[in-house]
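Novice: Numbering (the UniProt record's numbering), first residue to last: 1 to 257.
Note that the Cβ used here is the ideal one computed from N, Cα and C, for glycine as well.
Computed from a predicted model, the values in this text were never measured in an experiment.
(1) Which one or two residues does DSSP pair with residue 230 in a beta bridge?
(2) Assuming residue 59 is part of the alpha helix (DSSP H), what are its boundary residues?
(3) Quick check: residue 256 and residue 182, are their CB atoms within less than 8 Å of each other?
(4) Does DSSP classify residue 47 as helix, strand or coil?
(5) How long is the line joining the alpha carbons of residue 168 and residue 239, rounded to whole angstroms?
(6) Suppose the cutoff is 7 Å on Cβ atoms and the five residues either side in sequence are ignored; what does the same chain contact list for residue 85 look like?
(7) Considering only residues of the segment 137 to 205, which uninterrupted beta strand (DSSP E) runs meet the minimum length of 3 residues and lie entirely inside it, listed in chain order?
(8) In the DSSP assignment, the alpha helix (DSSP H) including residue 23 goes from what residue to what residue?
(9) What residues in its chain sit with their C-beta under 6 Å from that of residue 76, if we drop five residues either side in the sequence?
(10) Give the straight-line distance between the Cα atoms of residue 158 and residue 196, rounded to the nearest whole angstrom.
(11) Starting from residue 3, trace the beta strand (DSSP E) in both directions and tell me its first and last residue.
(12) Sort 188, 228 and 232 by Cα distance to residue 213 and report the nearest one.
(13) For residue 261 versus residue 184, is the C-beta spacing smaller than 8 Å?
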């Protein structure tokens, strides 16, 4: 099976600064993933033409089950509130999604610890720290009925604030204790491979030699597919450049070990 994670930048291409749902659909078809985790996903946002980007991706990949989970409602980068899961239909939301060609046995949403104050962050190449506030972060997990039996997949998008993302990853892995294995944890973890493996205690299914960011000439692997239990990669991982986003998608062929 092919497992993929992709931070879609709400469907926008940095080249023309446009959201084109047909371009997103074509990109998802190119990945040919059996299980797909998406981050930075819009639903009913004006900037993405009011589209349900999860539904666009689900149709494109032939998913039999999918779930969008809002991290916030309102305008990302503008006025917003942390999502609770009780938002009214049609309200503008933003978050993550998990899509599968295999039937889902059960779903679970994990809301991660929020950073409640503004903090200074030193971005690569910047002459001085920038004081920032972070968005709420969530994870979505599903037990899937795969070709060799049931397994669990979890998708997330962690904080870019150094140290806080590590705390969120540690809490997330702890929350998955006892879940059905094999377990695959994927997403934009906003940390490089060594830290992701060290903090999570999981095995990398894609080697650290698969950088995904920035899209033009990637030097860092911020996007990961990690495993626990009897699952392993059956071929080389690919960082796939697509005509949208500032990340490359990470695709890993996997099978039960």
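Specialist: On the basis of the supplied data:
(1) Taking the chain shown and counting its residues from 1, the one referred to as residue 230 is at position 230. For residue 230, DSSP assigns no beta-bridge partner whatsoever.
(2) In the chain shown, residue 59 corresponds to position 59, counting from 1. Looking at the DSSP string, the run of the alpha helix (DSSP H) that includes residue 59 is 53 to 61.
(3) If you number the chain shown from 1, residue 256 lands on position 256. If you number the chain shown from 1, residue 182 lands on position 182. Yes, they are a contact pair.
(4) Counted from its first residue, the chain shown places residue 47 at position 47. Helix at residue 47.
(5) Locating residue 168 in the chain shown gives position 168, counting from the first residue. Locating residue 239 in the chain shown gives position 239, counting from the first residue. If you take the alpha carbons of residue 168 and residue 239, they lie about 25 Å apart.
(6) Translated into positions along the chain shown, residue 85 becomes position 85. So the list reads 109, once near-sequence residues are dropped.
(7) 138 to 146, 149 to 157 and 183 to 188
(8) As a first step, residue 23 is located in the chain shown; it is residue number 23 there, counting from the start. Residue 23 -> alpha helix (DSSP H) spans 21 to 31.
(9) Within the chain shown, the letter at position 76 stands for residue 76. Residues 94 of the same chain have their beta carbon placed closer than 6 Å to that of residue 76, with the five preceding and five following residues left out of the count.
(10) Taking the first residue of the chain shown as position 1, residue 158 is located at position 158. Taking the first residue of the chain shown as position 1, residue 196 is located at position 196. Roughly 11 Å between the two C-alpha positions.
(11) Here residue 3 refers to the residue found at position 3 of the chain shown. It spans 2 to 7 - the beta strand (DSSP E) in which residue 3 sits, taken as one unbroken run.
(12) On the chain shown, residue 213 is found 213 positions in, with the first residue counted as 1. Considering only alpha carbons, the answer is 188.
(13) Lying before the first or after the last residue shown, residue 261 is absent from the chain, which here runs from 1 to 257.
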